[in-house]
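Residue numbers (our numbering), protein chains in the order written: chain A, 9 to 405; chain B, 4 to 71; chain C, -13 to 273. Ideal Cβ placement from N, Cα and C applies to all residues, glycine included. These numbers were taken from a predicted model, which means no experiment stands behind them.
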Amino acid sequence: MAGKQKKFIQGNEACAEGALYAGCRFYAGYPITPSTEIMEIMAARLPRIGGAFIQMEDEIASVSAIVGAALGGMKSMTATSGPGFSLMQEGFGYACMTEVPCVVVNVMRSGPSTGYPTGPSQSDVMQAKWGTHGDHPAIVLSPSSVQEALYETIRAFNLSEIYRTPVTILYDEVIGHMREAVTIPAPGDIEVVERQKPNCPASEYKPYEVKNGKVAPLAAYGEGYRFHVTGLYHAADGFPTGNFKLIQEANERLISKVENNREHIWKNEEFYLDDAEIGVFAYGVCAKSAKFAVKELRKKGVKVGLLRPLTIWPFPDDAVLEMARKVKTIIVPEMNLGQIINEVSRASKGQCEVRGLFRVDTDPIHPKQIMSAIMGKPVDATVIPNEVMIERDMIDG
Amino acid sequence: MTEPAKKLWRIEINEKLCKGCGICADFCPTNVLEMKGIIVGVVNLDKCTGCQLCDLRCPDFAIQVFPR
Amino acid sequence: MSTQAAPRTVPYKEKTPFDYSSYLRKGKLPHIWCPGCGHGIVLKSLLRAIDATGLNKDDIALVSGIGCSSRTPGYVDFNTLHTVHGRSLAYATGLKLAKPKLKVIVITGDGDALAIGGNHFIHACRRNMDMTIMVYNNYIYGMTSGQSSPTTPQGMISTTAKYGSIEPVFDTCDIAKAAGATLVGRGTAYHCQELEKTIYDAIMHKGTAVLDILDSCPTYYGRFNKVKGNSELMEIAEKDGTVSQAQAAKMTTEQLQGKLVRGILHRTERPEYCEEYEKLMAKAQGK
């Protein structure tokens, strides 16, 4: 890769570019619409740069394999969509518990079960936080453009290494398949966090020892540190424990290593919020529509602003509360039947009214719909005229 | 006429590790071992041939046979 | 992988006891297994076999799933990975491909490998990645107190087969062979020296090696099925229930009814996955 490149690519391609830039050298996956392009690109690119690619027998195996590879010392990743993301949940929890860095991409498609595989949604946003059982940390990034799919993938790998935890990249089918002009950064343009290796004698290495508030460096297997990794509650040395105090501490630490560093992990874009009387809270592709709607209404003198989180978990509580104190109403457009709106309500602490705009017919929310919602007008179910509506063929990939 | 000197053995039982399953005693070819309460004990050391089977089949790393 | 010349013959037949201490993590014994459980016997055979290979401890990874047998890695001084139920082979596959120099040994059980992990099991065999898969087969789920597994023989009692199991069983070796494993063998805890040799052969084999290792769960399988003693259960299932290949060769089909054959039952050569991946990389890089 010599210098900056400009490419006209899909979100899924941008995600793969971001992963390779961040040093991802292991990909395991299973085909599923609408994420498969990521896997196909990794299959072509990784062998060229000495990385490993493997197509696994299912998504459970895929998430397992990337954790195994991470313990072999590689930056690793998998990508999937709805049904596959559901299958990965146990393995994801294992990565949380064992504090193994890795990245999981979920290109959201529509519906529970098979739903509408080629249609977008944002209905996995709560699953991305609470999908696996038990109290666990969640860092979830939500790009809303193709360029951001690249940048946020790099950030996902960096956060994953810093906090030794799996990071989810959550975007929808529209971002995944939309093409935009994207700048591929040149080496060195963007910081890439490399994995910390222990430098203590092997006999003193404790893979879960916290020093100065930081998680211990993660050794790779086969390099002299013969340590134990288990999904059971474990002490600092990695071995199972039934000690009440240690269990409480271990679980609290898993959560606090992310929650205490929220300000480092949060990333928001604020748009026209300074004097806004109405706020829009939007993420993913909805933020694209929302930005357009806000711009249009600003031209007409409507005092509306936008808060667009790129980190959806940990939830941007502070930014939402700040907005809630300024505005009378927050509008939350979501391609689901009301998920993140509950978080917005919670974080706004009753300082303003919170209204949702939900759509799950697999067509993205249109700026016109958001404009109607902002103006307090009735929102049409769709902006597509009836005569243009066509019966779409289903594929069930 | 003197018999050739019989090789002698010493059996060490780790009482902290023995769980008293009895496998070593049951499968000892010369009945050297016997259960004594909840752990195994040596009752016929002079019959021991040093075959090591008690050690090899002990699931608990609790018994070892050394040349004396 | 650094190997020294094998220091001795296999199995271990010295007149002094084998010193397991350099392979055991300090202060971890006693292990969690019940009195009379065969897992400890199999573990000792494994450690003697590893010792005979001359492999460096740093170059060995032990990967396991969930279940009684899967607790093995916690006791031994290798790179050890205790994963989730059924998925040990998928973790092992990722680890091995990321670091091919590691000798990966997977410890799994009849339920872990053949029920919840059945899909990963056949695909691991198909890929023929260089790893040793040891299926500790005690015919029952021990960790959850005695439910039926895919190897619980028909008619036998478990907490989920109160009137005798009607479920047909899997033969681990048959599945492994059909799915493409390039070495398939069987051993028992009772025949612990023979088992050591079988494990040694499996570890030294290049490719996926699967071992069906019969051992006993006296606490549940034995107790539910009215077998009183720990040793009695070993005699019935392991000693009398199996024959060596030499014995089998002299027996009629009728005599072999109900007997399982021990030893290396299948051995063939096929390209190993990580080596094939090396070639693929060279091709992709235009070399």
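Within chain B, the residues that C:Lys183 reaches when beta carbons sit closer than 9 Å: As a first step, residue 183 of chain C is located in the third sequence; it is residue number 197 there, counting from the start. Near C:Lys183 there are no residues of chain B at all, since even the closest Cβ is about 13 Å away, more than 9 Å.
Beta-bridge partners of A:Gln13, as assigned by DSSP: Locating residue 13 of chain A in the first sequence gives position 5, counting from the first residue. When DSSP reads this structure, A:Gln13 sits in a beta bridge with A:Ile192.
Beta-carbon contacts of C:Phe210 that lie in its chain and below 7 Å, excluding the five residues immediately before and after: Locating residue 210 of chain C in the third sequence gives position 224, counting from the first residue. Residues of the same chain with a CB within less than 7 Å of the CB of C:Phe210, apart from the 5 flanking positions on each side, are Gly132, Ile143, Ser144 in chain order.
Endpoints, alpha helix (DSSP H) assigned at C:Gln179: The residue you call residue 179 of chain C lines up with position 193 of the third sequence. Membership of C:Gln179 in the alpha helix (DSSP H) is indicated by the continuous run 178 to 190.
Proximity of A:Glu67 and A:Ser118 at Cβ, strictly below 9 Å: Start at 1 with the first residue of the first sequence, and residue 67 of chain A comes out as number 59. Start at 1 with the first residue of the first sequence, and residue 118 of chain A comes out as number 110. Not in contact: A:Glu67 and A:Ser118 (Cβ atoms no closer than 9 Å).
Limits of the alpha helix (DSSP H) - the one that A:Gly59 falls within: Your numbering for residue 59 of chain A matches position 51 in the first sequence. Counting along the chain, A:Gly59 falls outside any alpha helix (DSSP H), and DSSP gives it neither H nor E.
Per DSSP, cross-strand counterpart(s) of A:Ile392: Within the first sequence, residue 392 of chain A is the residue found at index 384, counting from 1. Per DSSP, none; premise fails for A:Ile392.
In DSSP terms, what C:Tyr127 is bridged to: Translated into positions along the third sequence, residue 127 of chain C becomes position 141. C:Gln133.
Cα-Cα separation between A:Met9 and A:Ala51, rounded to whole angstroms: In the first sequence, counting from the first residue as 1, residue 9 of chain A sits at position 1. In the first sequence, counting from the first residue as 1, residue 51 of chain A sits at position 43. Because A:Met9 carries a pLDDT of 46, less than 50, the predicted location of this residue cannot be relied on, and the following value inherits that uncertainty. Computed Cα separation, rounded: 18 Å.
A:Ile373 - containing beta strand (DSSP E), residue span: Looking up residue 373 of chain A in the first sequence gives position 365. Judged by DSSP secondary structure, A:Ile373 falls outside any beta strand (DSSP E); it is assigned neither H nor E.
Coarse secondary structure for B:Gln55, derived from DSSP in three states: Walking along the second sequence from the start, residue 55 of chain B turns up at place 52. In the structure shown, B:Gln55 falls within a coil segment according to DSSP collapsed to helix, strand and coil.
Candidates A:Val201, A:Asp371, A:Pro193: closest to A:Cys110 by CA position: Residue numbering aside, residue 110 of chain A sits at position 102 when the first sequence is read from its first letter. Nearest option by C-alpha distance: A:Val201.
Three-state class that DSSP yields for C:Thr274 in the structure shown: No information on residue 274 of chain C is available, as it lies outside the stretch -13 to 273 that chain C covers here.
The segment 211 to 226 of chain A / the segment 20 to 31 of chain C touching (three or more Cβ pairs under 8 Å): By the Cβ criterion, the segment 211 to 226 of chain A is not in contact with the segment 20 to 31 of chain C, since fewer than three pairs of Cβ atoms, one from each stretch, lie closer than 8 Å.
Interface residues of chain B facing C:Ile27 [CB-CB closer than 9 Å]: Position 41 of the third sequence holds residue 27 of chain C. Those are Ile26, Leu59, Arg60, Cys61, Pro62, listed as they occur along chain B.
Residues near C:Arg112 in its chain [Cβ-Cβ closer than 6 Å; skip 5 each side]: Along the third sequence, read from residue 1 onward, the residue named residue 112 of chain C stands at position 126. Excluding sequence neighbours, C:Arg112 sits near Ala165, Gly166.
Cutoff 9 Å: C:Cys23 Cβ touching any chain B Cβ: Counting from one through the third sequence, the residue named residue 23 of chain C turns up at place 37. Yes, because at least one Cβ of chain B sits closer than 9 Å to the Cβ of C:Cys23.
4 or more residues per run - each alpha helix (DSSP H) lying fully within the segment 25 to 88 of chain C: Complete alpha helix (DSSP H) runs here, min 4: 25 to 39, 74 to 84.
Partners in chain A for C:Val70, counting only beta-carbon separations shorter than 8 Å: Stepping through the third sequence from its first residue, residue 70 of chain C is reached at position 84. Those are Ser72, Glu98, Gly99, Tyr102, Gly239, listed as they occur along chain A.
Neighbouring residues, chain C, relative to A:Met64 (Cβ below 7 Å): One-based indexing of the first sequence puts residue 64 of chain A at position 56. Within chain C, the residues near A:Met64 are Ala76.
Contact with chain C by A:Met9, beta-carbon distance below 9 Å: If you number the first sequence from 1, residue 9 of chain A lands on position 1. A caution first: A:Met9 carries a pLDDT of 46, below 50, which makes its placement in the model too unreliable to give a value.
Where C:Ser50 falls, given that 16 or more other Cβ within 10 Å makes a residue buried: Start at 1 with the first residue of the third sequence, and residue 50 of chain C comes out as number 64. Within 10 angstroms of the beta-carbon of C:Ser50 lie 16 or more other beta-carbons, which makes it buried.
For C:Gly249, three-class secondary structure by DSSP: Within the third sequence, the letter at position 263 stands for residue 249 of chain C. Strand, per DSSP.
A:Phe300 vs A:Val190 beta-carbon contact at 9 Å: Numbered from its first residue, the first sequence carries residue 300 of chain A at position 292. Numbered from its first residue, the first sequence carries residue 190 of chain A at position 182. In this structure, A:Phe300 lies away from A:Val190, with their beta-carbon atoms at least 9 Å apart.
Alpha helix (DSSP H) segment containing A:Trp138, residue limits: Here residue 138 of chain A refers to the residue found at position 130 of the first sequence. A:Trp138 -> alpha helix (DSSP H) spans 135 to 138.
Chain-ordered residues of the segment 23 to 41 of chain A with a beta carbon less than 9 Å from chain C: Cβ contacts with chain C: Arg33, Phe34, Ala36.
C:Ile92 to A:Gly292 span [Cα, whole Å]: The residue labelled residue 92 of chain C in the question sits at position 106 within the third sequence. The residue labelled residue 292 of chain A in the question sits at position 284 within the first sequence. According to the sequence as given, residue 92 of chain C is Val; it is not Ile. Going from the Cα of C:Val92 to the Cα of A:Gly292 covers about 42 Å.
Any C-beta of chain B under 9 Å from that of C:Gly215: One-based indexing of the third sequence puts residue 215 of chain C at position 229. A Cβ of chain B is located within less than 9 Å of the beta carbon of C:Gly215.
Cross-chain neighbours of A:Leu79 in chain C, by beta carbon under 7 Å: What you label residue 79 of chain A is simply residue 71 of the first sequence in a count that begins at 1. Listed along chain C, the residues sitting closer than 7 Å to A:Leu79 by beta-carbon distance are Leu67, Leu81.
Where C:Asn65 falls, given that 16 or more other Cβ within 10 Å makes a residue buried: As a position in the third sequence, residue 65 of chain C is number 79, starting the count at 1. Buried is the call here.
Below-9 Å beta-carbon distance, A:Gly250 vs any chain C residue: For this step, residue 250 of chain A is matched to residue 242 along the first sequence. Not one beta carbon of chain C lies nearer than 9 Å to the beta carbon of A:Gly250.
Residue closest to C:Thr158, alpha-carbon to alpha-carbon, out of C:Ile18, C:Leu251, C:Ile189, C:Cys20: Taking the third sequence and counting its residues from 1, the one referred to as residue 158 of chain C is at position 172. For C:Thr158, the nearest C-alpha among the options comes from C:Leu251.
At least three beta-carbon pairs within less than 8 Å, the segment 137 to 148 of chain A to the segment 279 to 294 of chain A: Judged by pairs of C-beta atoms under 8 Å, the segment 137 to 148 of chain A does not touch the segment 279 to 294 of chain A, as fewer than three such pairs exist.
Selection from C:Thr137, C:Asp45, C:Pro86 that minimises the alpha carbon distance to C:Gly284: Look at the range of chain C in this structure, -13 to 273, and you will see that residue 284 of chain C is not part of it.
Beta carbon of A:Cys360 nearer than 9 Å to that of A:Val340: The residue labelled residue 360 of chain A in the question sits at position 352 within the first sequence. The residue labelled residue 340 of chain A in the question sits at position 332 within the first sequence. No, these two residues do not count as a Cβ contact at 9 Å.
Test: C:Leu15 CB closer than 9 Å to a CB of chain B: As a first step, residue 15 of chain C is located in the third sequence; it is residue number 29 there, counting from the start. Yes, C:Leu15 lies at the interface with chain B (some Cβ there is under 9 Å from its Cβ).
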